[in-house]
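K.L.:
Numbering (UniProt numbering), first residue to last: 1 to 223.
Once you've had a glance at the structure underneath, I'll fire off some questions.
Spelled out as structure tokens, the structure:
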């Protein structure tokens, strides 16, 4: 199977791989942003997460070195409060932004736009990026850190893939936040979320940290 989008810009040792977490057939059956009923939303999100678990177990491009003891990825419960609809402010930037990678190198991105929103009366903002080689219709890349990192979620932060908006509003759904591949194996090098994309609040939505005790039981896992 071929990746659906670029999205991660992940580097492996010795080669650059443009990998995506979500494949062409790995997506919610219905657009999650259109669902307003909490129960229906949770059900569709669970289906999507189960498909991702199957991908991790069965696909040859799974980031896990072995899936012998793998059951499922850990997640926070669905929470519509973390599906945020807000204005997208285009930056107008034309210069490429050098985003640090975990191996000390850099990947070039265009800083596409900024979103401002409020959580628990705290004003927050995030920048969305587009890789230099990504097509206009491909998803935007939103790497971020928050107050849960190292205390429930992966210490290096998480990612979101966001559909380009057809208007000046955009949906940021933190229930879809996922770990970079380097959360599962040291053979990957991944984009480091910029400091400007740190959220001071705990984002208890999306994927949790992959349990180290599970990782240690996977045969030949790179750690």
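Think of the CB as a built atom: it goes at the ideal place given N, C-alpha and C, for glycine as much as any other residue.
Keep in mind the model is a prediction, meaning the values are calculated, not measured.
Counting along the chain, where does the beta strand (DSSP E) carrying residue 114 start and finish?
P.N.:
Note, residue 114: beta strand (DSSP E), 106-119.
K.L.:
If you reduce the DSSP assignment to three classes, tell me which class residue 94 lands in.
P.N.:
Three-state DSSP puts residue 94 in coil, outside helix and strand.
K.L.:
What is the rounded straight-line gap between the Cα of residue 9 and the Cα of residue 37?
P.N.:
Bear in mind that a pLDDT of 38 at residue 9, under 50, signals an unreliable position, so the number given afterwards is only what the model happens to contain. Straight-line Cα distance between these residues: approximately 34 Å.
K.L.:
Where DSSP assigns a beta bridge to residue 154, which residues make up the other side?
P.N.:
Partner(s): none; residue 154 has no beta bridge.
K.L.:
Have a look at residue 113 and residue 144 and give me their C-alpha separation to the nearest angstrom.
P.N.:
Going by the C-alpha atoms only, they are around 14 Å apart.
K.L.:
So which of 209, 211 and 202 has the shortest CA-CA distance to residue 148?
P.N.:
Ranking the options by Cα distance to residue 148, first place goes to 202.
K.L.:
So which of 137, 62 and 126 has the shortest CA-CA distance to residue 200?
P.N.:
When only C-alpha atoms are compared, the closest one is 126.
K.L.:
Can at least three beta-carbon pairs, one atom from the region 93-108 and one from the region 67-84, be found at a separation below 8 Å?
P.N.:
Flag = no, the region 93-108 and the region 67-84 do not touch.
K.L.:
What is the DSSP secondary structure of residue 78, counted as helix, strand or coil?
P.N.:
Note: residue 78 maps to coil in three-state DSSP.
K.L.:
Taking the beta strand (DSSP E) that residue 195 belongs to, which residues open and close that run?
P.N.:
Careful: residue 195 lies outside any beta strand (DSSP E) and carries neither H nor E.
K.L.:
Identify the continuous beta strand (DSSP E) that holds residue 41 and give its terminal residues.
P.N.:
Unbroken run through residue 41 is the alpha helix (DSSP H), 38-58; no beta strand (DSSP E).
K.L.:
Since residue 173 is in the beta strand (DSSP E), which residue starts that stretch and which ends it?
P.N.:
Residues 169-173.
K.L.:
Taking 8 Å as the threshold, find out whether the region 160-172 comes into contact with the region 126-141 through three or more Cβ pairs.
P.N.:
Enough Cβ pairs lie closer than 8 Å, so yes.
K.L.:
Note down, in chain order, each residue of its chain lying with its Cβ closer than 6 Å to the Cβ of residue 209, except the 5 sequence neighbours on either side.
P.N.:
Excluding sequence neighbours, residue 209 sits near 153 and 154.
K.L.:
Whole angstroms are fine: how far does the CA of residue 190 sit from the CA of residue 211?
P.N.:
Computed Cα separation, rounded: 19 Å.
K.L.:
Could you have a look at residue 61 and say whether DSSP puts it in helix, strand or coil?
P.N.:
Of the three classes helix, strand and coil, the one that applies to residue 61 here is coil, per DSSP.
K.L.:
Under a Cβ-count criterion, where at least 16 other Cβ atoms within 10 Å of its own Cβ denotes burial, should residue 224 be classed as buried or exposed?
P.N.:
Outside the modelled stretch of the chain, which goes from 1 to 223, sits residue 224, for which no answer is possible.
K.L.:
Just curious, the beta strand (DSSP E) that residue 35 is in, first and last residue?
P.N.:
Element bounds for residue 35: n/a, residue is neither H nor E.
K.L.:
Here's the rule: buried if 16 or more other CB atoms are within 10 angstroms of the residue's CB, otherwise exposed. What is residue 207?
P.N.:
So residue 207 counts as buried.
K.L.:
Three-state secondary structure (DSSP) at residue 203?
P.N.:
Coil at residue 203, not helix or strand.
K.L.:
Using three-state DSSP, classify residue 100 as helix, strand or coil.
P.N.:
It is a strand residue.
K.L.:
Taking 8 Å as the threshold (C-beta atoms), are residue 205 and residue 177 in contact?
P.N.:
In contact: residue 177 and residue 205 (Cβ atoms closer than 8 Å).
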